[in-house]
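Structure first, commentary second.
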Amino acid sequence: MSVLLIAGSPSERSRSAALLDTVSQRLSVRGALVQRLRIRDLSPQALLLADTGHRSIAAAVESVAEASVLVVATPVYKAAYSGVLKVFLDLLPQTALKGKTVLPLATGGSAHHMLALDYALRPVLQSLGAKHILPGIYATDAQVTLTPEGAYEVGHDVSDRLDDAVNVLITETLRPAPAQATRFAPVHFSQVRCSV
């Protein structure tokens with residue numbers, strides 16, 4: 003099964019992308035096929051004009067269709083997820099997430115914005131038909147810090163929560179279906195014996 007990581011930040015480097023990087027590393031180590039979609043790399047004009055026929059938009063929509071699991075990361079601006087993510091989600095077909103599991107991730111300046119995951123992003127993911135939306139993970143700026151080298155570093159508490167989320171994805175979502183050979187063979191009624 004494949005996992006699509008959707009980076010909803012308009013910035014080249016961001017705290018929300020650091021959360022995605024952490025999830026990507028953990029999934030890759032566990033053998034999951036991981037791909038990344040950075041919305042900022044799509045054609046801005048095609049996004050704003052809802053040009054679903056544009057090459058970059060069509061490829062992005064196809065990536066969503068092919069994935070079994072989506073991990074969506076966004077910064078929180080003004081108590082909602084990013085505008086670029088909103089524009090992209092608006093371009094998806096109404097049942098684009100049907101049968102898919104979604105892990106939402108968000109970052110923001112303070113803990114006051116953490117409800118944006120549940121009150122802004124989750125309803126949109128549900129309206130697109132997501133089968134299962136895992137509990138979201140929110141990190142403040144203090145939990146994803148900028149190192150002297152210019153990279154973002156995820157704090158231990160958030161890292162532990164990301165570990166738990168990846169474990170849920172692997173054990174409950176990405177594990178292969180049991181092989182037919184491991185199931186009991188059907189028994190015809192004439193072969194059933196009872197003892198009293």
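Each residue of the sequence shown is one higher than the one before, counting from 3 in our numbering.
Glycine residues also receive a C-beta, built at the ideal position from the N, C-alpha and C atoms.
Residue span of the beta strand (DSSP E) that contains Q96, given as start and end | If you number the sequence shown from 1, residue 96 lands on position 94. It is not in any beta strand (DSSP E) - Q96 carries neither H nor E in the DSSP assignment.
Start-end ranges of the beta strand (DSSP E) lying completely within the stretch 9-52, minimum 3 residues = 35-40
Between which two residues does the alpha helix (DSSP H) carrying E64 extend?
-> Start at 1 with the first residue of the sequence shown, and residue 64 comes out as number 62. Looking at the DSSP string, the run of the alpha helix (DSSP H) that includes E64 is R57 to E68.
Under 8 angstroms, do P106 and L123 count as touching if we go by C-beta distance?
-> Sequence index remark: in the sequence shown, residue 106 carries index 104 (1-based). Sequence index remark: in the sequence shown, residue 123 carries index 121 (1-based). Yes, Cβ-Cβ distance for P106 and L123 is below 8 angstroms.
Drop a sphere of 10 angstroms on the beta-carbon of A52, count the other beta-carbons inside from all chains shown, and report buried for 16 or more, exposed for fewer.
-> Position 50 of the sequence shown, counted from the start, is the residue given in the question as residue 52. Flag for A52 reads exposed.
For R42, I'd like the list of residues in its chain whose CB is within less than 8 angstroms of its CB, leaving aside the five on either flank, ordered along the chain.
-> If you number the sequence shown from 1, residue 42 lands on position 40. A9, S11, P12, S13, E14 and V86.
Report the three-state DSSP secondary structure of E151 (helix, strand or coil).
-> The count along the sequence shown starts at 1 and reaches residue 151 at position 149. DSSP places E151 in coil when its eight states are reduced to three.
Of the residues S18, E155, A144 and S65, which one's Cα is nearest the Cα of V78?
-> Numbered from its first residue, the sequence shown carries residue 78 at position 76. By alpha-carbon distance to V78, the top candidate from S18, E155, A144 and S65 is S18.
Excluding five sequence neighbours on each side, which residues of the same chain lie with their C-beta closer than 8 angstroms to the C-beta of T147?
-> Taking the sequence shown and counting its residues from 1, one reaches residue 147 at position 145. Excluding sequence neighbours, T147 sits near Y154, E155 and G157.
Count the other CB atoms, across all protein chains shown, that sit within 10 Å of the CB of R163; report buried if there are 16 or more and exposed otherwise.
-> Indexing the sequence shown from 1 puts residue 163 at position 161. Per the 10 Å Cβ criterion, buried.
Kindly identify the DSSP beta-bridge partner or partners of T103.
-> To locate residue 103, count along the sequence shown from 1; it is residue 101. Paired residues: V71 and H134.
Kindly indicate the opening and closing residues of the beta strand (DSSP E) around A141.
-> On the sequence shown, residue 141 is found 139 positions in, with the first residue counted as 1. Per DSSP, A141 belongs to the beta strand (DSSP E) from I139 to T142.
Given S58, which residues of its chain have a CB within under 7 angstroms of its CB, disregarding the five upstream and five downstream residues?
-> As a position in the sequence shown, residue 58 is number 56, starting the count at 1. Correct list, in chain order: L44, S45 and A48.
Is the CB-CB distance between H115 and A167 below 8 angstroms?
-> Position 113 of the sequence shown, counted from the start, is the residue given in the question as residue 115. Position 165 of the sequence shown, counted from the start, is the residue given in the question as residue 167. No, Cβ-Cβ distance for H115 and A167 is not below 8 angstroms.
Is S16 buried or exposed, if buried means 16 or more other CB atoms sit within 10 Å of its CB?
-> Counting from one through the sequence shown, the residue named residue 16 turns up at place 14. Buried, because 16 or more other Cβ atoms sit within 10 Å of the Cβ of S16.
How about L99 and L130: do their beta carbons lie closer than 8 angstroms?
-> Indexing the sequence shown from 1 puts residue 99 at position 97. Indexing the sequence shown from 1 puts residue 130 at position 128. Yes, these two residues count as a Cβ contact at 8 angstroms.
By how many angstroms is the C-alpha of E151 removed from the C-alpha of K102?
-> Sequence index remark: in the sequence shown, residue 102 carries index 100 (1-based). Sequence index remark: in the sequence shown, residue 151 carries index 149 (1-based). Each residue's Cα considered, the two are about 37 angstroms apart.
With respect to the alpha helix (DSSP H) encompassing L127, which residues constitute its N-terminal and C-terminal limits?
-> Here residue 127 corresponds to residue number 125 of the sequence shown, with the count starting at 1. Boundaries of the alpha helix (DSSP H) harbouring L127: R124 to S129, taken from the DSSP string.
Thinking C-alpha only, which one of V36, Y83, K88 and T173 is nearest L50?
-> For the purposes of this step, residue 50 is taken as the residue at position 48 of the sequence shown. Nearest C-alpha to L50: K88.
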